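Below is one structure, written out as structure tokens; the observations come after it.
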């Protein structure tokens with residue numbers, strides 16, 4: 288009935304069966320379950336969903352907020368900050384809402400911000416490129432606590448080097464879990480050829496890839 292590019296639609300595995308279902312959170316919350324072999328089940332309504340929440344709303348995103356391998360509905364606004372865990376009927380009940388104590392003080396949809404699992408524990412964290420490189424490690428219960436934040440100042444690249452190249456690698460373990468986090472202090476999220484969302488280590492931890500003009504990657 289519409290293109291999958293419709294902003295009210297998202298391809299997401301709702302039932303943990305390894306196949307992308309079609310989720311619609313718009314005027315009519317509903318889904319089409321993937322059956323395999325290029326086939327989808329008939330349209331079904333979602334029994335539980337927060338009233339008035341749409342994928343096109345500012346601050347509404349789909350992430351794994353608690354590390355259970357299932358997508359959750361994240362809402363961050365001036366009035367509300369937290370997530371609705373996904374149940375086994377593809378619903379997001381208001382009763383299961385997990386409120387964050389500290390709300391993020393910046394826009395999670397900013398071009399310099401990425402939602403990504405930084406530690407490999409399955410919980411979606413925040414990587415932000417601001418005046419410094421900032422890692423916000425997400426706590427499934429409390430959210431982005433100040434003590435779970437690591438920052439590294441930017442470092443100017445050596446004279447004569449390409450601005451987008453890797454010039455310094457800083458390591459930090461200033462979190463309660465003491466999980467090291469790698470920062471590329473000279474790159475920004477909008478630097479051409481930079482992708483912060485590519486798995487490069489094989490340990491479920493995503494790294495940052497800098498692609499040089501020659502076509503190679505570091």
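Numbering (the working numbering), first residue to last: 288 to 505. Heads up, the beta-carbon is just placed ideally off N, CA and C, and yes, glycines get one too. Here the structure is a predicted model, which is why all the values come from computation and not from measurement.
Run through DSSP, which three-state label would residue 383 get?
helix
Between which residues of its own chain and residue 372 is the CB-CB distance below 6 Å, once the five residues before and five after are set aside?
359, 383
Complete beta strand (DSSP E) runs within the stretch 382 to 447 (minimum length 3 residues, chain order)
400 to 403, 412 to 416, 419 to 423, 436 to 440
Just to confirm my understanding: we take residue 312, look at its own chain, exclude 5 residues before and 5 after, and list those with CB closer than 6 Å. What are they?
341, 342
Below 8 Å, can you find three or more Cβ-Cβ pairs linking the stretch 413 to 423 to the stretch 365 to 380?
no
Let me know if residue 329 comes out buried or exposed under the rule of 16 or more other beta-carbons within 10 Å of its beta-carbon.
exposed
Near residue 350, which residues of its chain fall below 8 Å by C-beta distance, leaving aside the five closest residues on each side in sequence?
358, 359, 361, 370, 402, 411
Range covered by the beta strand (DSSP E) that runs through residue 350:
347 to 350
Need the endpoints of the beta strand (DSSP E) that residue 299 sits in, please.
296 to 299
Where residue 376 sits in the DSSP three-state scheme:
coil
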